[in-house]
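K.L.:
Structure below; questions to follow.
In UniProt numbering, the protein residues as written are 1 to 454.
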C-alpha cells in the first residue's frame, strides 16, 4: 500500500489514525529519505516506479493555508500540498484502487462517478486538535475504509513485482547522435538493456511491445515529432516511469499539453540540457533513483516511521567530553531520545561508525536546531567541544541551547553565563538522563506549537 501523506509534524496524528485502521492488512510503502528529517529527491520517475510496485493507494490530503494555492481539475483553487495532489493524480491516471481521505478546507473534489475500488471521503478537524472527531470517524470514515478494505480482500491479491531492467529511449533523429548515445551509455551503466523507439522503422505493434516490457522510459521533447509524442502519450497512459528531457540549445521550448497543468507536477522535474556531454550528469541521478526503493513496512515499523515525522525537522546535538563509565549518561540520553523518535548526533556515534567524523560534525552543526551541552569540569579543555560551542554561538538566534552542569561542576561556561545552566547532581545517570530528555522534549514541543507549519 503506497501511503501519500503530509510530512508536517502537525499532521502526524491524522496519518496514524488512518494507518491504524489499515495496518493489520497492509504493509506501508512510502518514499523514505536516506536520512531522518531529509527530503528525498523529487524525481517523478521514482514516484511512478513506487506506484507501479503497489497494490493499493492511500492518501491523507490535509489543508494548507498557502498563498500559491494549486488549481483543481475544475479550476477551483485548492489549499493543499501540490505534491500530495500530484500523487493522487498519478494514481488516478493508472487507476490504482485508492482511498483518499481529504480535509474539507482543501476544497478538493472527488470524481463525479465513483467505482467500488475508489473511496473519497471528506473529514473535518480543528487547527489545533489535528485528529478526526470520534463520532465522525466511527460513523462515517471508519466504515468507508472498512468497506474499501473488504472490496480489496475480495477482488485484489498481492502481485509479484519483477523488474525487467529494460529501458526505452524516445529521442528524435536530429538529437540522437549526441543525446541518445549518451543516454544509452548511462542506462547501460545503470544495468539496463536499451531499446530505441524509431517509428520510421517500427510499427505500432513493435512499439507497444517495447513499452509493455519496459521498466523505464527516457523521452526528449526538444524536437517536434508527432509520432514520438504519440508514443510518449501511450507510455504516459500506462504510467511507465519516465525521465523527461528538453533540449534548450535552441532557446525556450513550450512543453506539450500532456505535461502541463499538473499540480507540483511534470514541469518541476524536466531535465533541461544544452550539450550532449551534459546529459549523463543530469540523467544519472534519476536512473539511480530507480534502484533506491524503500522496503515496505509492517504494522509496528509503519507506526514508527509515521511517528518519526513529528520531530523530523529538528536536529539535536549532544556536546560532551564523557568517556568510560561516564558515558552511561550519554547512552541513556541517546536511547531515550530515539524512543521518542528524535535522532540526536554525538561525536562518538559518528566516529565509531567509520564516518569522516569532522565532515559529519560540521554538517551536523549547520543543521542543529537544539544544542545540548553536558558541562563537566573538563569541557573547556576539549578542542572539539570548544569548536562545537563556538560554531553554535554564531547561530545563537537560530538554535536553542540547553546547558547542563555535571560531575560536580558548579560554574557555568563563560559563554553561557547569561542563560540557565541546570545542575545535574543525582548520582544515578538514568535519572539525570530523564531530566535532560524531559527538557529537550519540552523545547521541541514548544517549537512545534510556535511554528506555522500549516
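Think of the CB as a built atom: it goes at the ideal place given N, C-alpha and C, for glycine as much as any other residue. All values reported here derive from a predicted model rather than from experimental measurement.
For residue 435, I'd like the list of residues in its chain whose CB is within less than 7 angstroms of its CB, leaving aside the five on either flank, ordered along the chain.
P.N.:
Cβ neighbours of residue 435 beyond the five flanking positions: 424.
K.L.:
How many Å lie between residue 402 and residue 386 at the Cα?
P.N.:
Taking the straight line from one Cα to the other gives about 15 angstroms.
K.L.:
Report the option in 366, 429, 43 whose CA atom is closest to the CA atom of residue 336.
P.N.:
Comparing Cα-Cα distances from residue 336 to each of 366, 429, 43, the minimum goes to 429.
K.L.:
CB residue 28 to CB residue 297, shorter than 8 angstroms?
P.N.:
Yes, the pair counts as a contact, with Cβ atoms nearer than the cut-off.
K.L.:
On the DSSP letters alone, give me the boundaries of the alpha helix (DSSP H) that residue 171 sits inside.
P.N.:
Run containing residue 171: none; DSSP gives neither H nor E here.
K.L.:
What number of angstroms, rounded off, separates the C-alpha of residue 308 from the C-alpha of residue 251?
P.N.:
For residue 308 and residue 251, the distance between alpha carbons rounds to 45 angstroms.
K.L.:
So residue 333 is in the alpha helix (DSSP H); what residue range does that whole segment cover?
P.N.:
Where residue 333 is concerned, the enclosing alpha helix (DSSP H) stretches over 327-339.
K.L.:
Check whether the segment 327-336 and the segment 387-399 are in contact - that is, three or more C-beta pairs closer than 8 angstroms.
P.N.:
At 8 angstroms Cβ cutoff, the stretches do not touch.
K.L.:
Under a three-way DSSP split, which group does residue 441 fall into?
P.N.:
Residue state, collapsed to three classes: helix.
K.L.:
Between the Cα of residue 109 and those of 219, 32, 80, spot the shortest distance and give me the residue it belongs to.
P.N.:
Closest by alpha carbon: 80.
K.L.:
My guess is that residue 458 and residue 61 are in contact by the Cβ rule of under 8 angstroms, so how many angstroms apart are they, rounded?
P.N.:
Given a span of 1 to 454 for the chain in the structure shown, any question on residue 458 remains unanswerable.
K.L.:
Beta-carbon separation of residue 305 and residue 30 under 8 angstroms?
P.N.:
Closer than 8 angstroms, so yes.
K.L.:
Under the three-state reduction of DSSP, which class applies to residue 120: helix, strand or coil?
P.N.:
The answer is strand: DSSP assigns residue 120 an E or B state.
K.L.:
Within this structure, are the beta carbons of residue 54 and residue 96 separated by less than 8 angstroms?
P.N.:
For residue 54 and residue 96, yes; Cβs fall inside 8 angstroms.
K.L.:
Taking its Cβ as the centre, do 16 or more other Cβ atoms sit within 10 Å of residue 116, making it buried, or is it exposed?
P.N.:
Residue 116 should be labelled exposed.
K.L.:
Pull up the distance between the alpha-carbon of residue 228 and that of residue 94, whole angstroms please.
P.N.:
Answer to the nearest angstrom: the Cα atoms are 21 angstroms apart.
K.L.:
Starting from residue 244, trace the beta strand (DSSP E) in both directions and tell me its first and last residue.
P.N.:
Residue 244 -> beta strand (DSSP E) spans 242-247.
K.L.:
Using alpha carbons as the reference points, say which of 144, 374, 187, 380 lies closest to residue 58.
P.N.:
For residue 58, the nearest C-alpha among the options comes from 144.
K.L.:
Could you spell out the range, first to last residue, of the alpha helix (DSSP H) harbouring residue 155?
P.N.:
Element bounds for residue 155: 142-155.
K.L.:
Roughly how many angstroms lie between the CA atoms of residue 63 and residue 292, to the nearest whole one?
P.N.:
If you take the alpha carbons of residue 63 and residue 292, they lie about 30 angstroms apart.
K.L.:
DSSP three-state label for residue 236, please.
P.N.:
Of the three classes helix, strand and coil, the one that applies to residue 236 here is helix, per DSSP.
K.L.:
Quick check on the burial criterion: 16 or more other C-beta atoms within 10 angstroms. Buried or exposed for residue 153?
P.N.:
Under this definition residue 153 is an exposed residue.
K.L.:
Out of 373, 219, 418, 1, which one is the CA nearest neighbour of residue 91?
P.N.:
Measuring from the Cα of residue 91, the nearest candidate turns out to be 1.
K.L.:
If we ignore side chains and look at the alpha-carbon of each, how far apart do residue 212 and residue 190 end up?
P.N.:
Using only the alpha carbons, I get a separation of about 20 angstroms.
K.L.:
With H, G and I counted as helix, E and B as strand and the rest as coil, what does DSSP make of residue 42?
P.N.:
It is coil, neither helix nor strand.
K.L.:
Would you give the residue range spanned by the alpha helix (DSSP H) that residue 204 belongs to?
P.N.:
Per DSSP, residue 204 belongs to the alpha helix (DSSP H) from 204-213.
K.L.:
With DSSP as the reference, identify every bridge partner of residue 196, one or two as the case may be.
P.N.:
Paired residue(s): 169.
K.L.:
Residue 102 lies in the beta strand (DSSP E); which residues open and close that run?
P.N.:
Counting along the chain, the beta strand (DSSP E) containing residue 102 begins and ends at 98-103.
K.L.:
Report the partner residues of residue 63 according to the DSSP bridge assignment.
P.N.:
Looking at the DSSP assignment, residue 63 forms a beta bridge with 80.
K.L.:
Verify whether the separation of the beta carbon atoms of residue 168 and residue 180 is less than 8 angstroms.
P.N.:
No, the pair does not count as a contact, with Cβ atoms beyond the cut-off.
K.L.:
Going by alpha carbons, who is nearest to residue 256 out of 446, 166, 274, 230?
P.N.:
Among 446, 166, 274, 230, the Cα nearest to that of residue 256 is on 230.
K.L.:
Is it buried or exposed for residue 219, if we count other Cβ within 10 angstroms and need 16 for buried?
P.N.:
Result: buried.
K.L.:
Tell me where the alpha helix (DSSP H) around residue 493 begins and ends.
P.N.:
This structure cannot settle anything about residue 493, because the visible part of the chain is limited to 1 through 454.
K.L.:
Keeping to the same chain, check which residues put their C-beta closer than 7 angstroms to that of residue 188; ignore five residues upstream and five downstream.
P.N.:
Result list for residue 188: 194, in chain order.
K.L.:
Secondary structure at residue 2, three-state DSSP: helix, strand or coil?
P.N.:
Residue 2: strand per DSSP, three-state reduction.
K.L.:
Just reading off the beta strand (DSSP E) that residue 403 is part of, what are its end residues?
P.N.:
Its beta strand (DSSP E) spans residues 400-405.
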